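Same order as they appear, the protein sequences are chains R and V.
Here the working numbering is used: the first residue of the first sequence is 1, the next is one more, and so on.
Here the working numbering is used: the first residue of the second sequence is 1001, the next is one more, and so on.
For glycine and all other residues, C-beta sits at the position ideal for the given N, C-alpha and C.
Quantities reported herein were computed from a predicted structural model and do not represent experimental measurements.
First the structure, in the form of structure tokens, and then the observations on it.
2 protein chains.
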Amino acid sequence: MRVAILGAGAWGTALGVIISANGHEVFLWGHRAEPLHKMQRTLRNEPYLPGIDLKGNWNFTSEIRDALEKPELVLMAVPSKGFREVAMKLEQVEKPIVSVTKGIEYESGMTMTQVLESCAPKASVGALSGPTFAIEVAQHFPVAIVAASRDEAIARQVQAILHRPTFRVYTTTDLIGVELGGSLKNVIALAAGLGDALGFGDSSKAALVTRALAEIRRLGVACGAQPETFAGLSGLGDLTLTCFSPLSRNRRFGERLARGESVERILATSHIVEGYPTARAAYKLARKMNVQTPIIDEVYALLYEGKNLRDSLRDLTTRESKAED
Amino acid sequence: MRVAILGAGAWGTALGVIISANGHEVFLWGHRAEPLHKMQRTLRNEPYLPGIDLKGNWNFTSEIRDALEKPELVLMAVPSKGFREVAMKLEQVEKPIVSVTKGIEYESGMTMTQVLESCAPKASVGALSGPTFAIEVAQHFPVAIVAASRDEAIARQVQAILHRPTFRVYTTTDLIGVELGGSLKNVIALAAGLGDALGFGDSSKAALVTRALAEIRRLGVACGAQPETFAGLSGLGDLTLTCFSPLSRNRRFGERLARGESVERILATSHIVEGYPTARAAYKLARKMNVQTPIIDEVYALLYEGKNLRDSLRDLTTRESKAED
Chain R
1 MRVAILGAGA
11 WGTALGVIIS
21 ANGHEVFLWG
31 HRAEPLHKMQ
41 RTLRNEPYLP
51 GIDLKGNWNF
61 TSEIRDALEK
71 PELVLMAVPS
81 KGFREVAMKL
91 EQVEKPIVSV
101 TKGIEYESGM
111 TMTQVLESCA
121 PKASVGALSG
131 PTFAIEVAQH
141 FPVAIVAASR
151 DEAIARQVQA
161 ILHRPTFRVY
171 TTTDLIGVEL
181 GGSLKNVIAL
191 AAGLGDALGF
201 GDSSKAALVT
211 RALAEIRRLG
221 VACGAQPETF
231 AGLSGLGDLT
241 LTCFSPLSRN
251 RRFGERLARG
261 ESVERILATS
271 HIVEGYPTAR
281 AAYKLARKMN
291 VQTPIIDEVY
301 ALLYEGKNLR
311 DSLRDLTTRE
321 SKAED
Chain V
1001 MRVAILGAGA
1011 WGTALGVIIS
1021 ANGHEVFLWG
1031 HRAEPLHKMQ
1041 RTLRNEPYLP
1051 GIDLKGNWNF
1061 TSEIRDALEK
1071 PELVLMAVPS
1081 KGFREVAMKL
1091 EQVEKPIVSV
1101 TKGIEYESGM
1111 TMTQVLESCA
1121 PKASVGALSG
1131 PTFAIEVAQH
1141 FPVAIVAASR
1151 DEAIARQVQA
1161 ILHRPTFRVY
1171 TTTDLIGVEL
1181 GGSLKNVIAL
1191 AAGLGDALGF
1201 GDSSKAALVT
1211 RALAEIRRLG
1221 VACGAQPETF
1231 AGLSGLGDLT
1241 LTCFSPLSRN
1251 RRFGERLARG
1261 ESVERILATS
1271 HIVEGYPTAR
1281 AAYKLARKMN
1291 VQTPIIDEVY
1301 ALLYEGKNLR
1311 DSLRDLTTRE
1321 SKAED
């Protein structure tokens, strides 16, 4: 079976490793020709997945028409910032398109599959999300992930193509719940990184994760998600991973910020950090839905309103409450 | 106000640090006189909380009658193994007794407060549980915890005595939910440690945590707990901390086991590891309640039935499922 993967970063390539290991043909597309040529030559994506050999049936192209020639499935693995621009090229696609990108479009408040639906009206859409680092997936570490689509048949098709013993794919029809869980956790990871840099300890972080999940669930449910989705892989699972693992880019962003680096400098010297734009989009979405999101609000104020770090943390840790919510 | 703390290990002493910082008088009791004398002399509990000065109004005793002379509140901080033996000395106590111990009695299947109720019929009981390492609490890192009692007034009294800006105490009436969440997570931490030793990666651990919380919730609800309690500090919060933090003793137990050390040797060379006895009690409880607990079952088989580690992990990672549960 032929699968097109749009976006040749770490996650798109790692999913290609899984798909090709399952015997399918991968068409990997990226904007710039030169890195694709190099991948064709070396059968590696060294800048993003150092040391990983790309085995099986791979094709590399910077011509999106080549990638879209008769795929059974299209995976969208481009960052949220450039997502719509690529989605607009999919107007004629009739096969399922699955977003593996975690983010919310700031201007519209749309999730990535909502952007897809508006740009590719002939295609069914879905999302794939869960607690997975690209480098661990590419090394075939055992992981679990969830395929979501309002059309259960689409979710099952994604499962059929990607599932393998070390890459367990579950299915759900709660698409918006899966997308919001995956997106919002990146904002919380920034807060976790701030705490890490200030030496707040792991007990403190566990409390942050617990309160944050309640906040994410509240916002998600207001947007139409099922509450139980947030107890699953794309909610609790992904939030936990992002906040606790040293590997998380979003957590590290917070850590570097707390150590005094400027936002500009961190963005210029790391791969895409989705938590940064998502903080702004999530803050706007929460106001629109009239949901209280104290942790997201503090991260937003810190990143976009120049709020002082110490003031932010004081406001986060001194809120009083009589009951867990 | 006078507070008796029974059990002079890390957690009992750390709670004394919080209580004395709030201006209350602490009576710390332990079995053996010699360590108590040393604490009286040095105002430190060096074996358990190295480097922490015990400031404020402390009394140290190995005579339980001294500790129980007119306290307003009794905290039970002895390991689950010796819990009933100490509880039997509390028959005449009429003030609230709060368990801060995480475990299930194997013979009876009782939680610690159920043991208290059977031994101290005149007292109201409660539990205090959440994601907290003793050493971090003793250093006044910001943490959050939950005080549980079926009698809300008791939970609020505990909150009033212990709450401070860096030690946020929430309240709930779901006593059994708080106790089971706190106890069962220690079993899961052993599994997390096994995975760590085998280099399974953090993505894999996040999936384990997610599936484990569903399993804990199933068993808890069957025992009468509220499902939402497991999304709180004593459920998700504590589970996350125990599985992800390098500081967790239970996680480290699993790690050492996977590296080939014998159970006997690990137990002999570490402080109390509650996950070890709890695995057996939890397995028995799940059978009694007729609840499926695949992760607990594998840990039990590994620890108590001599099951091979590779077989256990194969059985854990190859279970198939079509939906998140």
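Terminal residues of the beta strand (DSSP E) in which residue i lies
{"i": "Tyr170 of chain R", "result": "Phe167 to Thr172"}
{"i": "Glu25 of chain R", "result": "Glu25 to Trp29"}
{"i": "Val1299 of chain V", "result": "Counting along the chain, Val1299 of chain V falls outside any beta strand (DSSP E), though it belongs to the alpha helix (DSSP H) covering Pro1294 to Tyr1304."}
{"i": "Met2 of chain R", "result": "For clarity, residue 2 of chain R is Arg in the given sequence; the question names Met instead. Counting along the chain, the beta strand (DSSP E) containing Arg2 of chain R begins and ends at Arg2 to Leu6."}
Burial state of residue i, where buried means 16 or more other Cβ atoms lie within 10 Å
{"i": "Tyr283 of chain R", "result": "buried"}
{"i": "Arg259 of chain R", "result": "exposed"}
{"i": "Lys288 of chain R", "result": "exposed"}
{"i": "Asn290 of chain R", "result": "exposed"}
{"i": "Ala1281 of chain V", "result": "buried"}
{"i": "Ala14 of chain R", "result": "buried"}
{"i": "Gln157 of chain R", "result": "buried"}
{"i": "Asn308 of chain R", "result": "exposed"}
{"i": "Arg211 of chain R", "result": "buried"}
{"i": "Thr293 of chain R", "result": "buried"}
{"i": "Pro131 of chain R", "result": "buried"}
{"i": "Lys55 of chain R", "result": "exposed"}
{"i": "Pro50 of chain R", "result": "exposed"}
{"i": "Met88 of chain R", "result": "exposed"}
Nearest-angstrom Cα separation, counted from residue j out to residue i
{"i": "Lys122 of chain R", "j": "Thr113 of chain R", "result": "13 Å"}
{"i": "Glu1179 of chain V", "j": "Ser1118 of chain V", "result": "16 Å"}
{"i": "Gly1082 of chain V", "j": "Pro1277 of chain V", "result": "12 Å"}
{"i": "Val1078 of chain V", "j": "Thr1101 of chain V", "result": "7 Å"}
{"i": "Glu1305 of chain V", "j": "Ile1266 of chain V", "result": "17 Å"}
{"i": "Glu1046 of chain V", "j": "Ala1134 of chain V", "result": "13 Å"}
{"i": "Thr124 of chain R", "j": "Arg252 of chain R", "result": "Thr is not the amino acid found at residue 124 of chain R; the sequence shown has Ser there. Cα to Cα, Ser124 of chain R sits roughly 35 Å from Arg252 of chain R."}
{"i": "Met1 of chain R", "j": "Lys70 of chain R", "result": "10 Å"}
{"i": "Gly1030 of chain V", "j": "Ala1120 of chain V", "result": "19 Å"}
{"i": "Val1299 of chain V", "j": "Phe1167 of chain V", "result": "33 Å"}
{"i": "Gly220 of chain R", "j": "Gly181 of chain R", "result": "7 Å"}
{"i": "Glu228 of chain R", "j": "Ala1147 of chain V", "result": "25 Å"}
{"i": "Gly275 of chain R", "j": "Ser248 of chain R", "result": "11 Å"}
{"i": "Ile19 of chain R", "j": "Val26 of chain R", "result": "7 Å"}
{"i": "Ala1144 of chain V", "j": "Val86 of chain R", "result": "44 Å"}
{"i": "Ile64 of chain R", "j": "Ala4 of chain R", "result": "9 Å"}
{"i": "Leu236 of chain R", "j": "Phe230 of chain R", "result": "6 Å"}
{"i": "Lys1205 of chain V", "j": "Ala191 of chain R", "result": "21 Å"}
{"i": "Gly1199 of chain V", "j": "Phe141 of chain R", "result": "8 Å"}
{"i": "Arg974 of chain V", "j": "Trp1058 of chain V", "result": "For residue 974 of chain V there is no data in the structure shown, the boundaries of chain V being 1001 and 1325."}
{"i": "Val137 of chain R", "j": "Leu213 of chain R", "result": "25 Å"}
{"i": "Cys243 of chain R", "j": "Ser1312 of chain V", "result": "28 Å"}
{"i": "Arg218 of chain R", "j": "Gln1092 of chain V", "result": "46 Å"}
{"i": "Leu257 of chain R", "j": "Ala279 of chain R", "result": "14 Å"}
{"i": "Ala1268 of chain V", "j": "Trp1011 of chain V", "result": "20 Å"}
Those residues which DSSP pairs with residue i across a bridge
{"i": "Ala147 of chain R", "result": "R:Leu128 and R:Thr171"}
{"i": "Asp53 of chain R", "result": "R:Arg44"}
{"i": "Thr111 of chain R", "result": "R:Ile104"}
{"i": "Met76 of chain R", "result": "R:Leu6 and R:Ser99"}
{"i": "Asn59 of chain R", "result": "R:Phe27"}
{"i": "Arg1164 of chain V", "result": "V:Phe1167"}
Residue i: first and last residue of the uninterrupted alpha helix (DSSP H) it sits in
{"i": "Leu326 of chain R", "result": "Limits of chain R in this structure are 1 at one end and 325 at the other, which puts residue 326 of chain R out of reach."}
{"i": "Leu267 of chain R", "result": "Val263 to Ala268"}
{"i": "Phe1133 of chain V", "result": "Run containing Phe1133 of chain V: none; DSSP gives neither H nor E here."}
{"i": "Cys243 of chain R", "result": "Asp238 to Phe244"}
{"i": "Ser1248 of chain V", "result": "First-last for Ser1248 of chain V: undefined, no H or E at that position."}
{"i": "Ile1064 of chain V", "result": "Ile1064 to Ala1067"}
{"i": "Pro1277 of chain V", "result": "Gly1275 to Met1289"}
{"i": "Lys307 of chain R", "result": "Element bounds for Lys307 of chain R: n/a, residue is neither H nor E."}
{"i": "Ile1272 of chain V", "result": "Run containing Ile1272 of chain V: none; DSSP gives neither H nor E here."}
{"i": "Gly220 of chain R", "result": "Asp202 to Ala222"}
{"i": "Val93 of chain R", "result": "Where Val93 of chain R is concerned, there is no enclosing alpha helix (DSSP H), given that its DSSP letter is neither H nor E."}
7 Å Cβ cutoff, residue i in contact with chain C
{"i": "Pro227 of chain R", "result": "Protein chains R and V are contained in the structure displayed, whereas chain C is not."}
Residue i CB to nearest heavy atom of the ligand NAD below 6 Å
{"i": "Ile52 of chain R", "result": "As far as ligands go, the structure on display features none, and thus does not contain the ligand NAD."}
task = Please list the residues of the segment 190 to 211 of chain R that have a C-beta atom closer than 7 Å to any C-beta atom in chain V, keeping them in chain order.
result = Phe200, Gly201, Asp202, Ser203, Ser204, Ala206, Ala207, Val209 and Thr210
Cβ-based contacts, 7 Å cut-off: residues of the segment 1279 to 1306 of chain V near chain R = none
inquiry  = Can you pull out the residues from the segment 1127 to 1138 of chain V whose beta carbon lies closer than 8 Å to at least one beta carbon of chain R?
reply    = Gly1130, Pro1131, Thr1132, Phe1133, Glu1136 and Val1137
ask   = In chain order, what residues of the segment 1238 to 1254 of chain V put their CB closer than 9 Å to some CB of chain R?
value = Asp1238, Leu1239, Thr1240, Leu1241, Thr1242, Cys1243, Phe1244, Ser1245, Pro1246, Leu1247 and Ser1248
query = If contact means a Cβ-Cβ distance below 7 Å, which residues of the segment 1140 to 1151 of chain V contact chain R?
reply = Phe1141, Pro1142, Val1143, Ala1144 and Val1146
task = With 9 Å as the limit, tell me which residues of the segment 4 to 23 of chain R have their beta carbon closer than that to any beta carbon of chain V; keep them in chain order.
result = none
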